[in-house]
Amino acid sequence: MYAIDTEKPSAALEGAVDLRSDTVTRPTAAMRRAMAEAEVGDDVYREDPTIIALEERVAALLGHEAALFVPSGTMGNQIGMRLVCEPGEEVLADADAHVFTYELGAAAALFGLSSRTVTSPAGRLDADLFIAQVRPRGDWHVVPTAAIAVENTHNRGGGIVQPLDELQKLWDWSRSAGVAVHLDGARLFNAAVATGKDLATYGRLADTASVCLSKGLGAPVGSVLVSSAERIAQGRLWRKRLGGGMRQAGVLAAAGLYALDHHVDRLAEDHEHARLLADRLGRDPSAVETNIVVVDGVNAPVVAEAAKAQGVLVGQVGPSRLRLVTHLDVDRAGVDRAVEVLGPLVAR
Ligand SMILES: Cc1ncc(COP(=O)(O)O)c(C=O)c1O
394 MYAIDTEKPS AALEGAVDLR SDTVTRPTAA MRRAMAEAEV GDDVYREDPT
444 IIALEERVAA LLGHEAALFV PSGTMGNQIG MRLVCEPGEE VLADADAHVF
494 TYELGAAAAL FGLSSRTVTS PAGRLDADLF IAQVRPRGDW HVVPTAAIAV
544 ENTHNRGGGI VQPLDELQKL WDWSRSAGVA VHLDGARLFN AAVATGKDLA
594 TYGRLADTAS VCLSKGLGAP VGSVLVSSAE RIAQGRLWRK RLGGGMRQAG
644 VLAAAGLYAL DHHVDRLAED HEHARLLADR LGRDPSAVET NIVVVDGVNA
694 PVVAEAAKAQ GVLVGQVGPS RLRLVTHLDV DRAGVDRAVE VLGPLVAR
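In this text, residue positions in the sequence shown follow the working numbering: the first is 394, and each later residue adds one.
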């Protein structure tokens, strides 16, 4: 499942309906043209106009002062958390959060941050559960809680959108408590499209927030971290230390700008496809809030293998749980094909 892969890399199955993740999209012809035509410069010298344009645009969209283009969501999250947490302090997050489940212990390995988890049903934020777990600064017996990381939408929670009232409650409490909020917004665009709220509605309820361009938006690479100008200046140093200072990376930022212009509203189509998939596979479509369908109660490796043999790729997130993610490269015919193949395999 997530074991170290010692096999030779394999080319993506040509023509397969790939529902493993929304990270598998390939740049469209129009996106590639935008990339080819991008004006570029050396971004370590802050001379790449396309990166600057992307950073300014995303900062404004999320209601923050400044932004930093980073190669991946992992780097955006890790720098974001480091900016609000000192070594020896802790970040609290949901037990299934990406930042602690899939980022290979980076917060500890790279930055000396302590992590503690709070179990919330399906990853859905309950502000009081977190508030009750916060440990104070200045008590020499305990690790002080510097930050809380929230994931929206929640990947392992099946793409659920975090409830705005709980986000607001956590934010209001955090201001007087002196605890920061980091938002892992890898799929924040999906949350915004699903709820009809603008990104700033969510962005303003976080001190640092990272959004991905390479998930549902279909860019090949890139995430953007937003925060105050002061923190982002520090973040730029951390990015360089981590080897993420890129040069003429405006070709990548151009893909992100193209995606912001052309691939945001269409996320509604992915959400519709996900509901359709759930419904036609005998699962509850009302449980699908965005572009992720969770299929429980199956022999995951057996179903995944059988589906792959018929050209449908699915993700395994547990021994009896599959994850199907819709995206730009799965059209209605792809959904139909997936139902045809998966239907008999996941029938209850
Ligand atoms: C919720 C969430 N956060 C962060 C990331 C990390 O993004 P990247 O793969 O670009 O490091 C992912 C990747 O799938 C994710 O799903």
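Quick reminder that beta carbons are idealized off the backbone N, C-alpha and C, glycines included.
query, result
"CA-CA distance, LEU721 and LEU610?", "8 Å"
"By alpha-carbon positions, which one of LEU497, THR421, GLU482 ends up nearest to ALA539?", "GLU482"
"Can you list, in chain order, the residues of its chain whose CB lies under 8 Å from that of ALA626, leaving out five sequence neighbours each side?", "ALA459"
"At what residue ranges does the stretch 515-559 contain a whole run of the beta strand (DSSP E), taking only runs of 3 or more?", "538-544"
"Taking 7 Å as the cut-off, is the C-beta of SER508 nearer than that to any heavy atom in ligand 2?", "Absence of ligand 2 is noted for the structure shown, with ligand 1 being the only ligands found."
"Between the alpha carbons of LEU576 and GLY638, how many angstroms are there, rounded?", "22 Å"
"I need the DSSP call for VAL572, collapsed to helix, strand or coil.", "coil"
"Sort VAL710, ALA726, LYS633 by Cα distance to GLY550 and report the nearest one.", "VAL710"
"Spatial neighbours of VAL739 within its chain, please: CB distance less than 7 Å, with the 5 preceding and 5 following residues excluded, ordered by chain position.", "LEU674, VAL688, VAL691, VAL696"
"For the beta strand (DSSP E) containing ASP689, name the first residue and the last one.", "685-689"
"Figure out for me which residue from ALA731, LEU476, PRO420 has the closest Cα to the Cα of SER621.", "LEU476"
"For chain C, is any of its Cβ atoms less than 8 Å away from the one on LEU598?", "Here chain C cannot be found, since the structure has a single protein chain."
"Please name the residue in LYS562, ALA409, CYS605 whose C-alpha comes closest to that of VAL463.", "CYS605"
"Is the stretch 556-566 touching the stretch 426-436 in the sense that three or more CB pairs, one from each, lie closer than 8 Å?", "no"
"Can you name the residues that DSSP bridges to LEU461?", "LEU618"
"ASP487 by DSSP, collapsed to three states: which one?", "strand"
"Checking the sheet assignment: what are the DSSP bridge partners for GLN709?", "LEU715"
"Pairs of beta-carbons, one from the stretch 646-665 and one from the stretch 523-539, closer than 8 Å: are there three or more?", "no"
"Is the Cβ-Cβ distance between VAL492 and ALA500 less than 8 Å?", "yes"
"Check the DSSP bridge columns for THR510 and list the partner residues they point to.", "ALA486"
"Given this structure, state the Cα-to-Cα distance separating ASP654 from TRP533, to the nearest angstrom.", "51 Å"
"Please enumerate, following chain order, all residues with a beta carbon closer than 5 Å to at least one heavy atom belonging to ligand 1.", "SER465, GLY466, THR467, HIS491, ASN548, ASP577, ALA579"
"Consult DSSP for SER603 and reduce its assignment to one of helix, strand or coil.", "strand"
"Alpha carbon to alpha carbon, how far is ASP487 from ALA542?", "8 Å"
"Return the chain-ordered list of same chain residues with a C-beta closer than 6 Å to the C-beta of ALA409, the five sequence neighbours on each side being excluded.", "GLY704, LEU706"
"Looking at the unbroken alpha helix (DSSP H) that takes in MET474, where does it start and where does it end?", "466-477"
"For the candidate residues ASP441, GLU698, MET468, whose alpha-carbon lies nearest to that of ALA579?", "MET468"
"Give the straight-line distance between the Cα atoms of SER607 and LYS562, rounded to the nearest whole angstrom.", "30 Å"
"Among the candidates ALA585, TYR651, LEU557, ILE445, whose CA atom is the shortest distance from the CA of ARG629?", "ILE445"
"Please classify GLY466 as buried or exposed, where buried requires at least 16 other C-beta atoms within 10 Å of its C-beta.", "buried"
"Since LEU557 and VAL574 are thought to touch, with beta carbons under 8 Å apart, how far apart are those beta carbons, to the nearest angstrom?", "No, LEU557 and VAL574 are not in contact; Cβ-Cβ is about 14 Å, not under 8 Å."
"Taking the C-alpha atoms as reference points, what is the distance between VAL718 and THR416?", "9 Å"
"List the DSSP bridge partners of ASP411.", "LEU706"
"Taking the C-alpha atoms as reference points, what is the distance between LEU522 and VAL723?", "38 Å"
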